[in-house]
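Engineer: Here's a structure for you.
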Amino acid sequence: VIAGFYQVHKDHAPLMQELERCLTDPRSPSSPFTEPLRRRVVLLIEVERPNFMFGGVDRFRKRRPLEAPKTAPAEENDSVPPGEAVFQWWWGDPQPGGRGHWKNYHPHVSARLEELLAKDEQFRSCAKSVPIDEVRYELQRISRDCPFDLLDRNIEGKFRAPFLPESVMTVDHALFDDPSRLTNNCFVQFQRGNPSRRRPARRIRRGEAAGLELHTGEPCAICFSDSGVLTGCEKGHVVCSGCLWFALRAMVGDSGQQEKVICGCLTSQDTTAFAALALRADSSMQEMLTKPPTNPESLKEFEMELANVRSQFQLSHDIPGDIFRRKVKDWLEMLRQKSLEHLYHACSHPGCEMGNWLLRADFDAEYRPKGKCQWACKLGHKNSVLPSQADINEMNRNILLHPECYTDRCGHDSMALRRFMLCAQCVGEGLLTFAVHESGCKQWPGGGGGHRHVFCFHCGQPWAQCGHQVQCQDPGVQQVRRADDGRGGELLEIGFVDAKQYIAWVSGGETQFAACPPTLFPNGAQVIGATRQGILRMEDKEELKKGIGEGTR
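Structure follows, in structure tokens:
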């Protein structure tokens with residue numbers, strides 16, 4: 016037995032030397048790491064054995080393929096969209112070991128070939144070719160039993176050049192990969208009338224090879240101990256049964272992890288691969304339940320996995336034959352709903368399902384025009400559509416930054432006006448409309464057009480309750496808060512800060528003691544001035560004084 020080996024996570028590998036130095040030095044302080052390093056102890060065990068018992072062990076070793084072609088990096092338009100089948104042809108030298116890369120057919124061509132593959136039985140069974148275009152090229156599917164071999168058609172005399180034995184192409188061609196062979200997606204593109212001019216082609220659908228066994232001895236991409244089935248990723252990773260069960264359990268238990276799942280290559284869009292892997296996980300678990308492992312260690316691992324499955328999925332005893340398929344389906348549905356949440360106003364009642372929520376478009380069409388900010392879900396729960404507290408605080412801050420009047424005599428009315436104000440009628444509808452007075456009289460908007468509400472920029476009342484003949488009073492600087500409406504919902508409420516007292520407090524400096532004026536609301540409630548200033552981060556009098564001095568121009 017030879018010790019001293021570790022399997023270490025790649026992010027923690029640089030820290031291993033420091034940990035080793037700390038552990039071997041008796042004078043070193045405690046561990047400098049706040050979290051333990053992700054590592055495992057690995058032992059090298061050498062066993063003496065007769066050569067005749069295990070002779071020829073290399074027969075299980077993965078055969079070295081021909082020299083892999085040096086491919087150019089795939090361009091963005093040569094990627095394979097999730098859930099779609101794409102036909103690709105080899106761009107470059109079509110001979111084994113030739114340099115080049117796989118290139119997508121045009122989406123219209125791929126769609127037409129996919130339709131022919133679904134409808135034409137002879138094309139699907141490798142019995143005939145189909146035209147790629149109307150003039151020059153054709154495509155034929157090949158299999159292990161039906162290679163691309165037209166030697167016997169030379170005697171017909173229809174070829175412009177003889178079809179030679181070296182032009183024969185089989186699925187063992189070095190440019191075809193194992194997933195393409197396993198899924199029977201090997202094709203040949205050739206020139207009509209001159210089939211010796213041919214090149215490999217293939218059909219790719221992300222995740223289609225998932226769950227298929229790859230008999231090459233490739234180790235599991237997670238535990239590196241056992242072999243397994245393809246995950247369906249582009250890198251051709253395989254996963255053993257135990258790691259597949261664990262990976263699926265981890266995936267469906269976390270809706271926030273949508274990238275780098277299973278082997279680290281799949282995303283939430285690889286639904287084809289998930290369906291095949293879940294089916295494989297169910298079948299392998301049922302097989303193992305029917306015939307448990309005889310090896311004690313393997314049996315212990317399997318029993319622990321069964322306990323984890325029962326615990327996570329809340330199963331009493333028997334494990335259903337479709338447990339992984341059901342959980343993966345529920346997980347994908349949860350992700351679908353999560354992707355649509357931004358289209359809805361969610362019900363504030365805990366546990367109310369998404370099917371009871373209200374579309375934002377429906378709210379804007381049915382409630383907003385009527386001046387309503389409250390709605391009830393299908394179960395009757397009361398809800399309010401109001402700005403967030405962060406938005407309210409930001410609006411209050413912007414209003415309170417300039418309590419001064421920008422003019423002493425506005426046009427026609429000869430009244431002092433501030434530059435900024437909130438539309439009180441919009442506030443009653445649950446909206447924050449920031450109004451700016453440029454010039455003219457106290458009517459806003461000037462002329463009564465451009466906004467659905469018309470109000471006085473001096474007192475804030477609707478214009479129908481004020482007018483040029485009314486000598487209205489300034490109520491102070493506006494502030495908004497969320498308040499209970501007394502019927503299980505919320506509404507926006509406007510309060511006021513005495514502008515003269517507030518400016519006096521700001522101008523008083525740090526040495527002069529003066530109470531910051533509170534925010535007074537119509538129902539008698541108030542917010543203490545110091546509390547308001549702290550919430551709005553407006554406690555620095557020098558900054559406030561500077562803003563008032565600079566004005567709004």
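For what it's worth, this note's numbering labels the leading residue of the sequence shown as 16, then goes sequentially. Even for Gly, the Cβ is constructed at its ideal location relative to N, Cα and C.
Tell me the rounded alpha-carbon separation between residue 105 and residue 116.
Structural biologist: So the two alpha carbons sit approximately 6 Å from each other.
Engineer: With a cut-off of 8 Å, do at least 3 Cβ pairs link the segment 492 to 500 to the segment 411 to 422?
Structural biologist: yes
Engineer: Contact check, residue 265 vs residue 246 under 8 Å by CB: the rounded distance?
Structural biologist: Contact doesn't hold; Cβ gap of about 14 Å is too wide.
Engineer: Between the C-alpha atoms of residue 306 and residue 348, what's the straight-line distance to the nearest angstrom?
Structural biologist: 33 Å
Engineer: Hey, is the segment 389 to 407 in contact with the segment 466 to 474, meaning 3+ C-beta pairs nearer than 8 Å?
Structural biologist: no
Engineer: State the start and end residues of the unbroken beta strand (DSSP E) segment that holds residue 502.
Structural biologist: Here residue 502 belongs to no beta strand (DSSP E), and DSSP marks it neither H nor E.
Engineer: Can you tell me whether residue 166 is buried or exposed, with buried defined as 16 or more other CB within 10 angstroms of its CB?
Structural biologist: Its Cβ having fewer than 16 others within 10 Å, residue 166 is exposed.
Engineer: Which residue or residues does DSSP assign as beta-bridge partners of residue 436?
Structural biologist: 450
Engineer: For residue 13, which residues from the same chain have a beta carbon less than 7 Å from its beta carbon, with the 5 sequence-adjacent residues on both sides left out?
Structural biologist: The question about residue 13 has no answer, for the chain in this structure spans 16 to 568.
Engineer: Would you grab the beta carbon distance between residue 367 and residue 506 for me? Rounded to a whole angstrom, and I think it's under 8 Å.
Structural biologist: Rounded, the Cβ-Cβ distance is 21 Å, inconsistent with contact.
Engineer: Hey, out of 53, 17, 363, whose CA is closest to residue 391's CA?
Structural biologist: The candidate whose alpha carbon is nearest that of residue 391 is 363.
Engineer: In chain order, which continuous runs of the beta strand (DSSP E) of length 3 or greater are located wholly inside the segment 92 to 156?
Structural biologist: 100 to 107, 115 to 119, 144 to 146
Engineer: Among 340, 159, 232, 370, which residue has its Cα nearest to the Cα of residue 352?
Structural biologist: The candidate whose alpha carbon is nearest that of residue 352 is 370.
Engineer: So what does residue 252 bridge to, in DSSP terms?
Structural biologist: DSSP output for residue 252 lists no bridge partner at all.
Engineer: Hey, how far is the Cα of residue 548 from the Cα of residue 520?
Structural biologist: 12 Å
Engineer: Cβ-heavy atom distance between residue 263 and the ligand ZN below 7 Å?
Structural biologist: The model on display carries no ligand, and the ligand ZN is accordingly not part of it.
Engineer: Is it true that the CB of residue 563 sits closer than 8 Å to the CB of residue 408?
Structural biologist: no
Engineer: Quick check: what's the CA-CA separation for residue 486 versus residue 424?
Structural biologist: A direct Cα-to-Cα measurement between residue 486 and residue 424 gives close to 13 Å.
Engineer: Quick check on residue 69: does DSSP put it in helix, strand or coil?
Structural biologist: Confidence at residue 69 is low in this model, with a pLDDT of 48, below 50, so the placement of that residue should be treated as unreliable; the coordinate-derived value is given next. Coil at residue 69, not helix or strand.
Engineer: With residue 216 as the anchor, note down where its beta strand (DSSP E) starts and where it stops.
Structural biologist: 209 to 220 is the span of the beta strand (DSSP E), which, as asked, contains residue 216.
Engineer: Any Cβ of chain B within less than 8 Å of the Cβ of residue 418?
Structural biologist: You won't find chain B in this structure, because it holds only one protein chain.
Engineer: Taking the straight line between their C-alpha atoms, what separation do you get for residue 298 and residue 252?
Structural biologist: 20 Å
Engineer: Assess contact between the segment 173 to 185 and the segment 201 to 220, defined as three or more Cβ pairs (one per stretch) separated by less than 8 Å. Is contact present?
Structural biologist: yes
Engineer: If distances are taken between C-alpha atoms only, which option among 204, 161, 168 comes closest to residue 186?
Structural biologist: Of the candidates 204, 161, 168, the one whose C-alpha sits nearest the C-alpha of residue 186 is 161.
Engineer: Excluding five sequence neighbours on each side, which residues of the same chain lie with their C-beta closer than 7 Å to the C-beta of residue 268?
Structural biologist: 327
Engineer: Measuring straight from C-alpha to C-alpha, what distance separates residue 29 and residue 18?
Structural biologist: 20 Å
Engineer: Below 8 Å between beta carbons: does that hold for residue 163 and residue 213?
Structural biologist: yes
Engineer: Would you call residue 20 buried or exposed, if buried means 16 or more other Cβ atoms sit within 10 Å of its Cβ?
Structural biologist: exposed
Engineer: For residue 86, name the three-state secondary structure that DSSP assigns.
Structural biologist: For residue 86, the pLDDT reaches just 47, beneath the cut-off of 50, and the residue's location in the model is therefore unreliable, although a value from the coordinates is still provided. DSSP places residue 86 in coil when its eight states are reduced to three.
Engineer: I need the straight-line Cα distance from residue 279 to residue 262, nearest angstrom please.
Structural biologist: Distance between the alpha carbons of residue 279 and residue 262: 10 Å.
Engineer: Determine, using beta carbons only, whether residue 295 and residue 259 come nearer to each other than 8 Å.
Structural biologist: yes
Engineer: For residue 386 versus residue 453, is the C-beta distance shorter than 8 Å?
Structural biologist: No, the pair does not count as a contact, with Cβ atoms beyond the cut-off.
Engineer: Provide the residue span of the alpha helix (DSSP H) that contains residue 191, from first to last.
Structural biologist: Neither: residue 191 is in no alpha helix (DSSP H) and is coded neither H nor E.
Engineer: Use the C-beta contact count for residue 546: other C-beta atoms within 10 angstroms, 16 or more gives buried, fewer gives exposed.
Structural biologist: exposed
Engineer: Between which two residues does the alpha helix (DSSP H) carrying residue 328 extend?
Structural biologist: From DSSP, the alpha helix (DSSP H) with residue 328 extends over 311 to 328.
Engineer: Looking at the structure shown, is residue 534 part of a helix, part of a strand, or coil, going by DSSP?
Structural biologist: Strand at residue 534.
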